[in-house]
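These protein sequence lines map, in sequence, to chains A and B.
The opening residue of the first sequence carries number 287 in this note's numbering; numbering runs sequentially from there.
The opening residue of the second sequence carries number 287 in this note's numbering; numbering runs sequentially from there.
Cβ atoms here follow ideal geometry from the backbone N, Cα and C, with glycine treated the same way.
Predicted model, so just to flag it, every value in this text is computed and none were measured.
Here is the structure we will look at, set down as structure tokens.
Protein chains: 2
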Amino acid sequence: MLQVKTPEEVLRLIHDKFQPIPGLTEFVPLEAAAGRTLSEDITAEEYVPDFNRSTVDGYALRAADTFGCSDAIPAVLSLQEEIRMGEDAGFALLRENCAYVPTGGALPEGADCAVMLEYTEDYGDGTIGIMKPGAPGMNVIFRGDDVCPGKIVLRAGRVLTAQDIGALAAVGKTLVPVQRRLNVGIISTGDELVPPDQQPLPGQVRDVNTALLSALLTEQGAEAHSYGIVVDDESLLHETVTRAVQECDAVLLSGGSSVGVKDASCRIIESLGELLLHGIALKPGKPTIMGRAGNRPLIGLPGHPVAAFVVARLFVLPLLDRLAERERPLWSVTAELSESVGANHGRAQVNACRLIRQDGRVLALPIRSKSGLITQLAGADGFFCIERDCEGLPKGAPVQVYLN
Amino acid sequence: MLQVKTPEEVLRLIHDKFQPIPGLTEFVPLEAAAGRTLSEDITAEEYVPDFNRSTVDGYALRAADTFGCSDAIPAVLSLQEEIRMGEDAGFALLRENCAYVPTGGALPEGADCAVMLEYTEDYGDGTIGIMKPGAPGMNVIFRGDDVCPGKIVLRAGRVLTAQDIGALAAVGKTLVPVQRRLNVGIISTGDELVPPDQQPLPGQVRDVNTALLSALLTEQGAEAHSYGIVVDDESLLHETVTRAVQECDAVLLSGGSSVGVKDASCRIIESLGELLLHGIALKPGKPTIMGRAGNRPLIGLPGHPVAAFVVARLFVLPLLDRLAERERPLWSVTAELSESVGANHGRAQVNACRLIRQDGRVLALPIRSKSGLITQLAGADGFFCIERDCEGLPKGAPVQVYLN
Numbered sequence: 287m288l289q290v291k292t293p294e295e296v297l298r299l300i301h302d303k304f305q306p307i308p309g310l311t312e313f314v315p316l317e318a319a320a321g322r323t324l325s326e327d328i329t330a331e332e333y334v335p336d337f338n339r340s341t342v343d344g345y346a347l348r349a350a351d352t353f354g355c356s357d358a359i360p361a362v363l364s365l366q367e368e369i370r371m372g373e374d375a376g377f378a379l380l381r382e383n384c385a386y387v388p389t390g391g392a393l394p395e396g397a398d399c400a401v402m403l404e405y406t407e408d409y410g411d412g413t414i415g416i417m418k419p420g421a422p423g424m425n426v427i428f429r430g431d432d433v434c435p436g437k438i439v440l441r442a443g444r445v446l447t448a449q450d451i452g453a454l455a456a457v458g459k460t461l462v463p464v465q466r467r468l469n470v471g472i473i474s475t476g477d478e479l480v481p482p483d484q485q486p487l488p489g490q491v492r493d494v495n496t497a498l499l500s501a502l503l504t505e506q507g508a509e510a511h512s513y514g515i516v517v518d519d520e521s522l523l524h525e526t527v528t529r530a531v532q533e534c535d536a537v538l539l540s541g542g543s544s545v546g547v548k549d550a551s552c553r554i555i556e557s558l559g560e561l562l563l564h565g566i567a568l569k570p571g572k573p574t575i576m577g578r579a580g581n582r583p584l585i586g587l588p589g590h591p592v593a594a595f596v597v598a599r600l601f602v603l604p605l606l607d608r609l610a611e612r613e614r615p616l617w618s619v620t621a622e623l624s625e626s627v628g629a630n631h632g633r634a635q636v637n638a639c640r641l642i643r644q645d646g647r648v649l650a651l652p653i654r655s656k657s658g659l660i661t662q663l664a665g666a667d668g669f670f671c672i673e674r675d676c677e678g679l680p681k682g683a684p685v686q687v688y689l690n
Numbered sequence: 287m288l289q290v291k292t293p294e295e296v297l298r299l300i301h302d303k304f305q306p307i308p309g310l311t312e313f314v315p316l317e318a319a320a321g322r323t324l325s326e327d328i329t330a331e332e333y334v335p336d337f338n339r340s341t342v343d344g345y346a347l348r349a350a351d352t353f354g355c356s357d358a359i360p361a362v363l364s365l366q367e368e369i370r371m372g373e374d375a376g377f378a379l380l381r382e383n384c385a386y387v388p389t390g391g392a393l394p395e396g397a398d399c400a401v402m403l404e405y406t407e408d409y410g411d412g413t414i415g416i417m418k419p420g421a422p423g424m425n426v427i428f429r430g431d432d433v434c435p436g437k438i439v440l441r442a443g444r445v446l447t448a449q450d451i452g453a454l455a456a457v458g459k460t461l462v463p464v465q466r467r468l469n470v471g472i473i474s475t476g477d478e479l480v481p482p483d484q485q486p487l488p489g490q491v492r493d494v495n496t497a498l499l500s501a502l503l504t505e506q507g508a509e510a511h512s513y514g515i516v517v518d519d520e521s522l523l524h525e526t527v528t529r530a531v532q533e534c535d536a537v538l539l540s541g542g543s544s545v546g547v548k549d550a551s552c553r554i555i556e557s558l559g560e561l562l563l564h565g566i567a568l569k570p571g572k573p574t575i576m577g578r579a580g581n582r583p584l585i586g587l588p589g590h591p592v593a594a595f596v597v598a599r600l601f602v603l604p605l606l607d608r609l610a611e612r613e614r615p616l617w618s619v620t621a622e623l624s625e626s627v628g629a630n631h632g633r634a635q636v637n638a639c640r641l642i643r644q645d646g647r648v649l650a651l652p653i654r655s656k657s658g659l660i661t662q663l664a665g666a667d668g669f670f671c672i673e674r675d676c677e678g679l680p681k682g683a684p685v686q687v688y689l690n
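Written as structure tokens, this is what we have:
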């Protein structure tokens, strides 16, 4: 008999019972790689920059040739060359000489620093006065300062940000190895459901979960596949789930508020594999079931949209991360509770909230709602959790808000 | 003569000098609306739910018929009907009667609550024993509890989350009015730049900013248009900028590390409209220029990729938000500095960092880098700011980290 599990136990179960899917790598062009998960470490194969580079407009020189100079007693160096942007210096700097260099230009061999134009004077006779002594390395990015061959630039599992894309461009990785998107099947069940574009008849409601879950999964980099609305008919549901399991990496069943559908879902999961979980000690989210067919997860989410969202956010996303070896740390915003919140039911509690800034503080405004009331969640900015043994939080208590 | 402005002054300038672009609305299907910006308030046109709905499997009844009942003395009611999921009850409940109702089923007229199955007993003779008194509203979502016609479900300016998509599905808004994506032109300038897929020759570096800025803009919902790399030739640059201004809602010039290119960019902006800003008191990011051609912003970003990223993140995104009337509050993660950070140069400072969790605390690990070193930023999780008048922060100081 499966017991109701705590959120921590469910996360451990996910880690223990599912393995990363092998061979997910595909190559995408750099412009399509943002938001994707890197599937291999990226190692630099060359020096960046590949030459010593000035960070100022000025004169490339040997620092030693300017030691002790000042406004009063400039060091006078011969102007050997003018270096142009984007070209190799192509010469070696002679002793007591300098070369004009633009910001980003290549230093000639022998130069070890650059002095800014404003600390120099062109005497017009082929010599330059230097009023400020250089120091080795001053205003210079040396060859390989950014990266040297063999350096790991980015690690496998990283979800690529815009900056990471910049780093890949810098090292010339224009074809990027990423995990292919996971295919996730979504099946809505319930005799009362109609598609959102249909006017509900008395007794009917619109199917919210397919749209909600598809949006969440897509945003998180998965490929959502809707199998439509299946009425309460066990053999029909069995057939649809079987097809979805064959076609997808994971399958979400949602809806089926009634006991009959939940029981049917359990039987179907058991016929296709193994039932692993029957209930989470979480409010909302208790009537959640989870199983596997081989390494393919089958999750029965609560029918209430808010509960379905919470469970998808807290457990389905980590499960997909596990399958794709994706690292997605969850950071939170510290906020002050704007009013007290009760909790007293032996389960951890998830509370949706709005965030506002007031007098330099960040306030979390809890949204009071029955868990079925999706429109009360419209406009929520995130949620905070109250531990199982906590009897509630007073006004002003600090909470960690996870953004939606 | 334009002065270097503080970050706050730049944000005020953006607000004062640019207006929302009128007529940006386009309609997209619900499945494509996540992440888009709502361009009109969404008002419900119907009741959700449209009928009184049970939240449990049990019996719909009149609470008054069960007052005072208990395990010892059940209230005995006649079973009038069985209500089926997805159908109208289609009858009125008689006094002293009850009707079986599944979770999510419609209550008959006259019923004001539902009692859970586990507190009842079916005597098998057409009567049901109720062991727990009902109370009006118990286990019921009344018609319109979720929304009533005329209620504003979501406000214009909101960037739609998965939950918002669920709310739109619930009220049947399957064609969603959103702001069209802004077209942003990106022009990279510099004789030293080659495309990322090309091997740099001595003196050359790969163009990082086009890929970096495109990824950032795309992630933020804009449409990035690259105009390629333009060499240091003022008339060629003038021609490209003029074309980009005609074709796009905003134009970013990036690169041009040298003084000559910056000066040329200023002249070009002035010839097309008005120069508004010449330098931001920010490290990195100082050599930033901004102007406008009519209501179209032209921004010259620093050539260093890290500086270009910081300026794009802190100023270009708010500027695009202003043009599209988009609300995108920036929330931060509170972290502890893992080591001291210096700052002593009369400018506000932006510091990239990694975030790690250690012993239940969140630590910010500052990344030490020259501003050109993009690969040191690869793997950064966010950044924190140090105020202009602050001389640095000690180890352990709390910092607000904005996620990348």
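May I have a chain-ordered list of the beta strand (DSSP E) segments no shorter than 3 residues that lie completely inside the stretch 368-405 of chain A? Listed in chain order, the complete beta strand (DSSP E) runs (minimum 3 residues) inside the stretch 368-405 of chain A are 383-387, 399-402.
I438(B), buried or exposed, once every other Cβ within 10 Å from all chains shown has been counted against 16: The residue you call residue 438(B) lines up with position 152 of the second sequence. Within a 10 Å sphere around the beta-carbon of I438(B) sit fewer than 16 other beta-carbons, which makes this residue exposed.
Buried or exposed: which applies to A378(A), given that a residue is buried once 16 or more other Cβ atoms fall within 10 Å of its Cβ? Translated into the one-based positions of the first sequence, residue 378(A) becomes position 92. Per the 10 Å Cβ criterion, exposed.
Along the beta strand (DSSP E) that carries H564(A), what are the first and last residues, could you check? Within the first sequence, the letter at position 278 stands for residue 564(A). 560-564 is the extent of the beta strand (DSSP E) around H564(A).
For P435(A), count neighbouring C-beta atoms within 10 Å of its own C-beta (all shown protein chains included) and say buried if the count is 16 or more, exposed if not. Translated into positions along the first sequence, residue 435(A) becomes position 149. With fewer than 16 Cβ atoms within 10 Å of its Cβ, P435(A) is classed as exposed.
Roughly how many angstroms lie between the CA atoms of R529(A) and C552(A), to the nearest whole one? On the first sequence, residue 529(A) is found 243 positions in, with the first residue counted as 1. On the first sequence, residue 552(A) is found 266 positions in, with the first residue counted as 1. R529(A) and C552(A) have their C-alpha atoms spaced approximately 17 angstroms apart.
Residues of the stretch 632-647 of chain B in Cβ contact with chain A at a cutoff of 9 angstroms, in chain order, please. Going along the stretch 632-647 of chain B in chain order, one finds A638, L641, I642, R643 with a Cβ nearer than 9 angstroms to chain A.
Span of the alpha helix (DSSP H) around T277(A): Nothing about residue 277(A) can be read from this structure; chain A reaches only from 287 to 690.
Mind listing the chain A neighbours of D337(B)? Cutoff is C-beta to C-beta under 8 angstroms, in chain order. To locate residue 337(B), count along the second sequence from 1; it is residue 51. The question names Asp, yet the displayed sequence has Phe at residue 337(B). What F337(B) touches in chain A: P488, G489.
Anything in chain A within Cβ reach of T447(B), meaning under 7 angstroms, just list it in chain order. Your numbering for residue 447(B) matches position 161 in the second sequence. Simply N690.
What do you get for I359(B), buried or exposed, if any count of 16 or more other CB atoms within 10 angstroms of its CB means buried? In the second sequence, residue 359(B) corresponds to position 73, counting from 1. Exposed.
With a Cβ-Cβ cutoff of 9 angstroms, do I575(B) and G559(B) count as a contact? To locate residue 575(B), count along the second sequence from 1; it is residue 289. To locate residue 559(B), count along the second sequence from 1; it is residue 273. No, these two residues do not count as a Cβ contact at 9 angstroms.
Could you give the distance in angstroms between the alpha-carbon of S512(B) and the alpha-carbon of L522(B)? As a working mapping, residue 512(B) is identified with position 226 in the second sequence. As a working mapping, residue 522(B) is identified with position 236 in the second sequence. Between S512(B) and L522(B), the C-alpha separation is close to 16 angstroms.
Give me, in chain order, the residues of the same chain whose beta-carbon lies closer than 6 angstroms to that of V547(A); leave out the 5 immediate sequence neighbours on both sides. Position 261 of the first sequence holds residue 547(A). Closer than 6 angstroms at the Cβ level, and outside the excluded window around V547(A), lie T475, D518.
Neighbour list for L393(B) in chain A, Cβ cutoff strictly below 7 angstroms: Taking the second sequence and counting its residues from 1, one reaches residue 393(B) at position 107. What L393(B) touches in chain A: nothing, since even the nearest Cβ is about 10 angstroms away.
CB-CB under 8 angstroms to M424(A), same chain, minus the five flanking residues each way: which ones, in chain order? Residue 424(A) sits at position 138 when you count from the first residue of the first sequence. Once the five neighbours on either side are set aside, the close Cβ partners of M424(A) are A349, C399, A400, V401.
Extent of the continuous beta strand (DSSP E) run through E294(A): Residue 294(A) sits at position 8 when you count from the first residue of the first sequence. Going by DSSP, E294(A) is part of no beta strand (DSSP E) but of the alpha helix (DSSP H) stretching over 293-303.
What residues in the stretch 586-619 of chain A have a beta carbon less than 9 angstroms from any beta carbon of chain B? The residues in question are G589, H590, P591, V592, A594, F595, A598, R599, P615, W617, S618, V619.
Can you tell me whether A318(B) is buried or exposed, with buried defined as 16 or more other CB within 10 angstroms of its CB? Position 32 of the second sequence, counted from the first residue, corresponds to residue 318(B). Exposed is the call here.
For the stretch 490-501 of chain B, enumerate the residues whose C-beta is nearer than 9 angstroms to any C-beta of chain A, in chain order. The residues in question are Q490, V491, R492, D493, V494, N495, T496, A497, L498, L499, S500, A501.
If you reduce the DSSP assignment to three classes, tell me which class I451(A) lands in. Here residue 451(A) corresponds to residue number 165 of the first sequence, with the count starting at 1. Looking at I451(A) - three-state DSSP - the assignment turns out to be helix.
Against chain A, with Cβ distances strictly below 9 angstroms, would M371(B) count as a contact? By 1-based counting over the second sequence, the position of residue 371(B) is 85. Yes, its Cβ sits closer than 9 angstroms to a Cβ of chain A.
Give me the Cα-Cα distance between A638(A) and G646(A), rounded to the nearest whole angstrom. By one-based count along the first sequence, residue 638(A) stands at place 352. By one-based count along the first sequence, residue 646(A) stands at place 360. Cα to Cα, A638(A) sits roughly 22 angstroms from G646(A).
Just mark L288(B) as buried or exposed, buried being the case when its beta carbon has 16 or more other beta carbons within 10 Å. Working through the second sequence from its first residue, we reach residue 288(B) at position 2. The residue in question, L288(B), is exposed, as its Cβ has fewer than 16 Cβ neighbours within 10 Å.
Closer than 7 angstroms at the beta carbon, the chain A residues around L468(B): The residue given as residue 468(B) occupies position 182 in the second sequence. Per Cβ cutoff of 7 angstroms: no residues; L468(B) is ~17 angstroms from chain A at best.
What are the partner residues of R640(A), as DSSP defines its beta bridges? Here residue 640(A) is taken as the residue at index 354 of the first sequence, counted from 1. DSSP, once it has assigned bridges, lists L651(A) as partnering R640(A).
Residues within the stretch 563-580 of chain A neighbouring chain B, beta-carbon criterion of under 7 angstroms: Cβ contacts with chain B: none found.
If you drop the 5 nearest sequence neighbours on each side, which residues of the same chain put their C-beta closer than 6 angstroms to that of P293(B)? Mapped onto the second sequence, residue 293(B) falls at position 7. The residues are L568, A634.
Contact set between the stretch 500-514 of chain B and chain A, restricted to residues whose Cβ is under 8 angstroms from the partner: If the cut-off is 8 angstroms between Cβ atoms, the stretch 500-514 of chain B has S500, A501, L502, T504, E505 near chain A.
Roughly how many whole angstroms lie between the Cα atoms of A421(B) and F428(B)? One-based indexing of the second sequence puts residue 421(B) at position 135. One-based indexing of the second sequence puts residue 428(B) at position 142. Rounded to the nearest angstrom, the two C-alpha atoms are 14 angstroms apart.
Q484(B), buried or exposed, once every other Cβ within 10 Å from all chains shown has been counted against 16: Taking the first residue of the second sequence as 1, we reach residue 484(B) at position 198. Per the 10 Å Cβ criterion, exposed.
Determine the chain B residues that contact I451(A) at a beta-carbon separation under 7 angstroms, and present them in chain order. As a first step, residue 451(A) must be located in the first sequence, where it is residue number 165. By Cβ distance, chain B contributes A497, L498, A501.
With distances taken Cα to Cα, identify the nearest neighbour of I307(B) among G628(B), G372(B), G580(B). Residue numbering aside, residue 307(B) sits at position 21 when the second sequence is read from its first letter. Nearest Cα to I307(B) within the set G628(B), G372(B), G580(B): G580(B).
Under 9 angstroms, do E611(A) and G471(A) count as touching if we go by C-beta distance? Within the first sequence, the letter at position 325 stands for residue 611(A). Within the first sequence, the letter at position 185 stands for residue 471(A). The answer is no: Cβ separation not under 9 angstroms.
Which residue comes first and which comes last in the beta strand (DSSP E) that contains Q686(B)? Within the second sequence, numbered from 1, the residue matching residue 686(B) stands at position 400. Run containing Q686(B): 684-689, per the beta strand (DSSP E) assignment.
What in chain D is Cβ-close to V685(A), meaning under 9 angstroms? Absent from the structure is chain D; the protein chains it does hold are A and B.
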